[in-house]
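Enquirer:
Residue numbers (my numbering), protein chains in the order written: chain A, 319 to 599; chain B, 366 to 961.
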């Protein structure tokens with residue numbers, strides 16, 4: 319499993335960081351091209367093409383795009399509603415781009431929240447996500463069980479006045495494990511999810527089931543265990559009356575005794591983190 | 366006149382008559398021109414005018430033939446809308462020669478106002494128009510035509526409804542009789558009738574000129590109604606932004622009249638007000654605040670696009686809420702979480718000003734902060750424990766001083782207490798009654814008293830519970846407190862009915878809030894055990910997962926429609942129904958002991 323040497327990432331982690339940075343670069347590039355009238359399908363295709371041009375051939379899941387109140391999953395009942403629709407972007411609308419490419423065998427899963435124009439409410443949601451990033455890292459280092467951390471995130475959201483929208487994801491997960499995927503010439507997807515990545519997840523789930531852990535970080539009993547070493551794509555998602563915001567990035571959990579090394583965010587140079595730091599200055 | 370204190374009077378000559386014009390406030394400010402209706406004189410605006418004069422240059426005039434303006438000779442043909450438009454232009458030119466005026470009309474003043482705002486020759490003279498209780502005769506004519514030409518059952522119903530409300534219009538078309546009545550018994554009794562039927566506060570209005578005003582004013586109808594309704598102008602489009610204020614209890618005008626208005630007015634802001642016809646007398650505070658807001662938004666329209674009025678900005682909000690609650694002052698207790706917070710947000714989205722009260726100061730401030738982000742023009746968080754009477758009294762005084770009289774009060778703060786009767790200690794009883802019942806009593810006493818003293822209506826919402834009619838051996842103290850709140854609300858509703866103040870009791874049922882996480886379990890002394898039970902209850906409520914936002918929506922609906930008792934969740938509705946049809950079934954259910 320991933321073990322970090324102090325101050326320097328192993329080559330494996332560098333691979334993950336590279337694809338995560340590539341994904342965020344894609345999100346920023348696509349977000350810069352979004353204008354009124356663009357549909358979710360078009361935004362998803364823009365992400366797909368941008369990454370394809372740069373060598374991405376396989377996916378953990380294909381890119382999603384959500385506009386307007388779909389960022390808060392208003393009235394989502396079936397998983398098919400996650401897929402991009404013909405909803406058009408309008409001035410002032412929030413949007414989320416979510417993609418999980420596989421690049422050179424490394425997987426990333428990222429979420430990028432933005433807004434077409436200025437919206438103080440959206441700014442507020444983005445700013446309030448910072449507390450969740452801190453809370454998750456702190457409690458993972460304390461080796462609290464995943465279910466407890468999930469509930470603490472939930473409580474923080476309620477205190478902030480928000481609804482927990484990651485509950486709408488399959489199994490209500492706030493995070494899931496990601497791993498390396500073997501590169502093959504043929505990489506089919508099933509309902510938007512890469513079959514090879516799904517296979518990895520399923521095999522993790524099977525092993526985990528035997529050993530009492532799960533690659534899915536959920537509010538349910540199967541997540542009632544301390545964080546297991548590996549790479550977790552963490553995606554807290556806030557919703558507030560038709561406006562949603564999330565970030566998603568990789569949290570590295572190791573078996574190190576040193577708390578600093580036992581868990582850390584793979585990369586602190588990401589758009590949402592830079593934004594918080596700029597705001598703090 | 367005693368009523369228009371500090372008014373400067375002048376006379377404006379036009380078309381052979383002399384109009385009596387009164388001015389208040391500084392002349393350099395934006396001019397607001399108030400036009401009265403029938404049978405009224407400019408003094409109908411006295412309450413509104415003094416409020417507006419603090420910020421604007423306020424101008425009122427007696428319509429020709431009314432008050433101290435002279436009447437045309439002969440009367441017949443002297444009251445056509447064309448001549449009334451001449452009068453308006455003469456007054457506007459006299460009081461504000463360089464800048465357009467903000468026009469406000471009530472009743473026939475509004476009918477005239479529509480004419481002014483839709484004819485080409487006034488273009489550039491009207492900066493905005495606020496209309497209340499008076500449709501454009503041209504729009505009305507088209508409204509009737511459309512319904513006559515294609516009479517669906519609904520349209521026929523609307524025609525008949527308005528037709529019945531217009532009985533007095535037919536009466537006024539008979540010759541001589543109306544004049545005789547007004548100069549005789551009707552004129553003498555009119556002030557009493559206004560007081561009793563229309564709830565207009567007694568005092569020095571109507572003025573002594575009433576019989577003559579009413580007799581002359583009959584020609585307003587005779588000179589215009591038949592002509593315009595049979596041949597309405599096809600081009601009656603408004604060239605100024607219009608704010609339409611519809612009193613929902615108007616006995617003379619159906620609110621359906623304004624259904625097609627969007628086609629005639631490109632920039633339309635709608636407001637509704639639960640009141641009867643004479644709103645300038647009965648609701649001066651609300652009118653002046655809406656007029657002020659609208660005038661401010663449309664002052665200096667040259668600088669780019671006209672500013673939108675706050676209420677119409679937020680999309681996704683039900684328009685009827687924005688129309689009704691925009692700019693109103695709403696106070697919610699228990700607003701740091703759950704139903705209270707969701708209610709504060711729902712009112713904020715509708716454009717209300719919100720005071721969020723909770724003993725959790727941080728939570729209350731957070732609610733206020735978020736409320737401002739989603740549409741509340743102003744919002745404040747206040748830390749008060751509602752069971753502390755002195756604190757509530759102090760808060761009521763502070764709110765009145767700093768923010769104004771509360772229009773909608775939501776007594777929502779409450780705590781949970783579970784456990785059998787004998788396991789519940791007297792301290793626990795006292796605590797739950799202190800918050801759940803006394804909190805409501807204090808709120809109703811101190812905020813309600815101010816509402817009554819203002820005399821301009823309002824609404825009180827008390828959060829009761831489905832437990833108010835569903836007995837249970839597991840929740841004796843909580844259910845008792847909530848049953849008391851329900852009965853209190855019903856009694857208070859009866860008492861305040863005559864004052865235009867509605868009282869609603871909301872009975873939510875099982876709603877996913879953190880009340881379960883703070884519920885005390887009587888007879889459980891072990892903290893860990895209590896925590897376990899709280900968790901279990903929270904999980905059950907979480908599984909039920911009825912969102913507090915839906916309760917908030919029910920609260921706004923209860924205020925909008927003045928509902929007495931509103932059970933919200935299906936189980937609460939079921940229990941309410943059973944409590945009336947088959948109370949025995951509820952009693953049997955009450956015996957069930959939930960597993961610990």
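Glycine included, each C-beta is placed from N, C-alpha and C at the ideal position. Model, not experiment: these values are computed from the prediction.
When the Cα atoms are used, what is the spatial distance from residue 959/B to residue 889/B?
Expert: Taking the straight line from one Cα to the other gives about 15 Å.
Enquirer: Residue 399/A CB to nearest chain D CB: under 8 Å?
Expert: Considering every chain present, this structure includes no chain D. Its protein chains are A and B.
Enquirer: Going by DSSP, what residue range makes up the alpha helix (DSSP H) through residue 926/B?
Expert: 913-926
Enquirer: Please classify residue 637/B: is it buried, with 16 or more other beta-carbons within 10 angstroms of its beta-carbon, or exposed?
Expert: buried
Enquirer: Consider the C-beta atom of residue 950/B and the heavy atoms of the ligand ADP; say whether any pair is separated by less than 7 Å.
Expert: Among the components of this structure there are no ligands whatsoever, and the ligand ADP is therefore not found.
Enquirer: Please classify residue 628/B as buried or exposed, where buried requires at least 16 neighbouring CB atoms within 10 angstroms.
Expert: Residue 628/B should be labelled exposed.
Enquirer: Would you mind working out which of 369/B, 933/B, 910/B, 535/B sits nearest residue 415/B, comparing C-alpha positions?
Expert: 369/B
Enquirer: Residue 608/B and residue 495/B look like a contact to me (Cβ under 8 Å); what is the Cβ gap, rounded to whole Å?
Expert: 4 Å
Enquirer: For residue 600/A, would you say it is in contact with chain B, using Cβ-to-Cβ distances shorter than 8 Å as the test?
Expert: The structure shown does not extend to residue 600/A, since chain A is modelled only from 319 through 599, so no value can be given for it.
Enquirer: If we ignore side chains and look at the alpha-carbon of each, how far apart do residue 685/B and residue 506/B end up?
Expert: 26 Å
Enquirer: Given a threshold of 16 other Cβ atoms within 10 Å of its Cβ, counted over all protein chains shown, does residue 533/B qualify as buried or as exposed?
Expert: exposed
Enquirer: Beta-carbon within less than 6 Å of residue 943/B's beta-carbon, same chain only, minus the 5 sequence neighbours each way: which residues are those?
Expert: 950, 951
Enquirer: Taking just the CA atoms, how far does residue 662/B sit from residue 674/B?
Expert: Residue placement at residue 674/B is poorly supported in this model, since its pLDDT is 41, which falls under 50; the coordinates are not used for a value here.
Enquirer: Which residues of chain B have a Cβ atom closer than 9 Å to the Cβ of residue 438/A, listed in chain order?
Expert: 737, 738
Enquirer: To which residues of the same chain is residue 725/B closer than 6 Å at the C-beta, ignoring the five residues directly before and after it?
Expert: 701
Enquirer: Give me the residue from 521/A, 518/A, 560/A, 505/A with the minimum Cα distance to residue 374/A.
Expert: Checking every option, the nearest Cα to that of residue 374/A belongs to 505/A.
Enquirer: According to DSSP, what are the bridge partners of residue 602/B?
Expert: Bridge partners of residue 602/B according to DSSP: none are assigned.
Enquirer: On the CB-based measure, 16 or more other CB atoms within 10 Å of its CB, does residue 388/A come out buried or exposed?
Expert: Buried, by the Cβ-count rule.
Enquirer: Within 10 angstroms of the Cβ of residue 786/B, are there 16 or more other Cβ atoms? Answer buried if so, exposed if not.
Expert: exposed
Enquirer: For residue 555/B, which residues in the same chain have their Cβ closer than 7 Å to its Cβ, ignoring the five residues on either side in sequence?
Expert: 571, 575
Enquirer: What is the DSSP secondary structure of residue 579/A, reduced to helix, strand or coil?
Expert: Helix at residue 579/A.
Enquirer: Mind reading off the beta-carbon distance from residue 782/B to residue 842/B? Whole number of angstroms is fine, and I expect it under 8 Å.
Expert: 5 Å
Enquirer: Please name the residue in 516/A, 376/A, 344/A, 371/A whose C-alpha comes closest to that of residue 361/A.
Expert: 344/A
Enquirer: Excluding the 5 residues flanking residue 588/A on each side, which residues of the same chain have their C-beta closer than 7 Å to its C-beta?
Expert: 342, 567
Enquirer: Mind the definition here: the stretch 578-586 of chain B touches the stretch 396-405 of chain B only if three or more C-beta pairs lie below 8 Å; say whether that holds.
Expert: yes
Enquirer: Spell out a yes or no on whether the stretch 766-776 of chain B and the stretch 822-829 of chain B are touching, meaning 3 or more CB-CB pairs, one atom from each, closer than 8 Å.
Expert: yes
Enquirer: Could you give the residue range of the beta strand (DSSP E) that holds residue 589/B?
Expert: Element bounds for residue 589/B: not the beta strand (DSSP E) but the alpha helix (DSSP H), 575-595.
Enquirer: State buried or exposed for residue 619/B, treating a residue as buried only when at least 16 other CB atoms are found within 10 Å of its CB.
Expert: buried
Enquirer: If we call anything under 8 Å between Cβ atoms a contact, is residue 404/A one with residue 357/A?
Expert: yes
Enquirer: Going by beta carbon distance, what residues of the same chain come within less than 7 Å of residue 338/A, once the five residues before and after it are set aside?
Expert: 426, 428, 567, 568, 584, 585
Enquirer: Go to residue 471/B, then tell me how far its beta strand (DSSP E) extends in each direction, as first and last residue.
Expert: 466-471
Enquirer: Quick one, are the C-beta atoms of residue 879/B and residue 912/B less than 8 Å apart?
Expert: no
Enquirer: For residue 479/A, which residues in chain B fall below 8 Å Cβ to Cβ?
Expert: 706, 710, 731, 732, 735, listed in chain order.
Enquirer: I'd like the ranges of any alpha helix (DSSP H) spanning at least 4 consecutive residues and lying wholly in the stretch 337-414 of chain A.
Expert: 358-371
Enquirer: Could you have a look at residue 695/B and say whether DSSP puts it in helix, strand or coil?
Expert: strand
Enquirer: Can you find a C-beta in chain A that's less than 8 Å from the C-beta of residue 675/B?
Expert: For residue 675/B, the predicted structure reports a pLDDT of 42, less than 50, and the residue's modelled location is therefore unreliable. A value from the coordinates is still provided. It does not: the Cβ of residue 675/B has no partner Cβ on chain A nearer than 8 Å.
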